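S.K.: If you count the sequence shown from 1, position 140 lands on 125 in the numbering used here, and the numbers rise without skipping.
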Amino acid sequence: MSDTNIIKDLKSKGLKLNNSRMQILELFLGNHRSHSAPELVELLKMKMDRATVYRNLNFFVENKILDQIQLQGETPKYELAALEHHHHLICKHCKKISSIQSKSLENALETTTNEIKDFTITDHVFEFYGLCKDCLNNEE
Ligand SMILES: [Zn+2]
Ligand SMILES: [Zn+2]
Ligand SMILES: [Zn+2]
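1. Specify, as a first and last residue, the run of the alpha helix (DSSP H) that Phe44 falls within.
2. For Glu47, which of Glu59, Leu65, Lys32 has the nearest alpha-carbon?
3. Would you call His109 buried or exposed, if buried means 16 or more other Cβ atoms sit within 10 Å of its Cβ?
4. Quick check on Asp108: does DSSP put it in helix, strand or coil?
5. From Asp34 to Asn41, what does the alpha carbon distance come to, in whole angstroms?
6. Going by DSSP, which residues form a beta bridge with Glu64?
7. Does the Cβ of Leu10 have 16 or more other Cβ atoms within 10 Å, making it buried, or fewer, making it exposed?
8. What span of residues does the alpha helix (DSSP H) with Ile82 cover, start to end?
9. Just reading off the beta strand (DSSP E) that Cys76 is part of, what are its end residues?
10. How is the alpha helix (DSSP H) around Cys120 delimited, first residue to last?
11. Nearest by alpha-carbon distance to Pro61: which of Lys(-2), Lys118, Ile(-8), Glu24 is it?
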């Protein structure tokens, strides 16, 4: 879904987008942007207080506008729920998250889940941990 469609969709659901909600949402629009709550507090510190950031984050999660990304031993990050199905590549060093969409991965997962007989799988989460290009270059 494109950014303008996301905004339209929210309005059609009757969700009120006041100024602070718009300012938070804008930080997520664009190509696979994700932020943790403390990052948002920092990014928005000139515009709103911490309590406002947290209150609106909860609002967005409850209304399924943002999804929480759970990370091994890290503060959870948030991203737009309307993004297409994808998987995360998480840098263990700088914590940057990028995304991949892979037909062959989905096919492999489907083959595997088809072999499972007494459990119905409705969704999956699969994340890759490693080092991003920048961190890898700095290590050399
Ligand atoms: Zn990195
Ligand atoms: Zn993502
Ligand atoms: Zn998948």
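Ideal Cβ positions, reconstructed from N, Cα and C, are used throughout, including at glycine.
Predicted model only: the values in this text are computed from it and were never measured.
M.R.: For this structure:
1. Taking the first residue of the sequence shown as position 1, residue 44 is located at position 59. Note, Phe44: alpha helix (DSSP H), 35 to 47.
2. Within the sequence shown, the letter at position 62 stands for residue 47. Answer by Cα proximity: Leu65.
3. Here residue 109 refers to the residue found at position 124 when the sequence shown is read from its first residue. Classification of His109: exposed, given that the 10 Å Cβ count is below 16.
4. Your numbering for residue 108 matches position 123 in the sequence shown. Three-state result, Asp108: coil.
5. On the sequence shown, residue 34 is found 49 positions in, with the first residue counted as 1. On the sequence shown, residue 41 is found 56 positions in, with the first residue counted as 1. Approximately 11 Å, taken between the alpha carbons.
6. Taking the sequence shown and counting its residues from 1, one reaches residue 64 at position 79. According to DSSP, which records beta bridges pairwise, Glu64 is partnered with Asp52.
7. In the sequence shown, the residue the question calls residue 10 occupies position 25. When all chains shown are included, Leu10 counts as buried.
8. Looking up residue 82 in the sequence shown gives position 97. First-last for Ile82: 82 to 85, but that is the beta strand (DSSP E), not the alpha helix (DSSP H).
9. Mapped onto the sequence shown, residue 76 falls at position 91. Run containing Cys76: 72 to 76, per the beta strand (DSSP E) assignment.
10. By 1-based counting over the sequence shown, the position of residue 120 is 135. Looking at the DSSP string, the run of the alpha helix (DSSP H) that includes Cys120 is 118 to 124.
11. Taking the first residue of the sequence shown as position 1, residue 61 is located at position 76. Ranking Lys(-2), Lys118, Ile(-8), Glu24 by Cα distance to Pro61 puts Glu24 first.
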